[in-house]
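Note that my numbering has the sequence shown beginning at 28, numbered continuously upward.
Okay, structure first, notes after.
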Amino acid sequence: MEGANLAIALVGLIATVASTYFAWVPLRNRGGPGRRRGRDPGPDPAPRPTPPPPQAQTQGPYDVFVSYADAEADAAERLAERLREAGVSVFLVRWVEPGLVPLLETERALVGATLGVLLFGPGTMADSRIREEYAVLLQRVHGGGFRFVPARAGSVELPPFADIRRPVDLREPGTPRYDGEVARLADTALRLRRRTDV
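So, in structure tokens, the structure goes:
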């Protein structure tokens, strides 16, 4: 029994020495810190300059996230353009630049904006994408530091959690009432931006 243990130990020792040797052989000609074998290549070449950081592959940041169903796309774009004219940075999925992924930009904008506006029209809540965005908007409100404003773009009844908030009425573009509602949204967005800048 003692002989068998001795044989096993000897085989283990030989395997360890062999593996160490064969691991060392490829490294011996490379040289390590402070030692060189073979011809001296001279001083180390100058380090390469650090390349500039890559350009951002995203848009933003955004003050306002505008959520809308396809039927309200024109109303959403009209609102976004007016907010932009007032100095507000707006996310609109149809404005995502070429080469970017709309779903990823949407997620980043939903997480980064301080104000979310959802345009409610006749088919809004039938759209699964809008229902998901609505859920995220509500979750952000409850997480703090975010405001959700429902916007009527058609004559519809608001869902319960939207109905408890003070909505804006965007059903009559080109009227003083519409202009006033857009101005209220812009003022709110700019005020929220100032709070986060502090």
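Ideal placement from N, C-alpha and C gives every residue a C-beta, glycine not left out.
Fair warning: this is a prediction, and the values are worked out from it, not measured in the lab.
- In the displayed model, Val-120 falls within a helix according to three-state DSSP.
- Taking all protein chains in view, the Cβ of Thr-202 is surrounded by fewer than 16 other Cβ atoms within 10 Å, so the residue is classified as exposed.
- Val-120 sits away from Thr-141, with the two beta carbons spaced by 7 angstroms or more.
- Within a 10 Å sphere around the beta-carbon of Asp-90 sit 16 or more other beta-carbons, which makes this residue buried.
- The residues Gly-148, Pro-149, in chain order, have a CB closer than 6 angstroms to that of Gly-181 in the same chain once the five nearest residues on each side in sequence are set aside.
- With respect to the 7 angstroms criterion, Glu-99 and Leu-146 are classified as neighbours on the basis of their beta carbons.
- Comparing C-alpha distances from Gln-86 to each of Glu-108, Asp-154, Tyr-205, Gly-139 shows the shortest one belongs to Gly-139.
- Annotation: Val-195 to Arg-222 spans about 22 angstroms, alpha carbon to alpha carbon.
- The Cβ atoms of Val-93 and Ala-107 lie closer than 7 angstroms to each other.
- By the neighbour-count criterion, in which 16 or more other beta carbons inside 10 Å mark a residue as buried, Pro-177 falls on the buried side.
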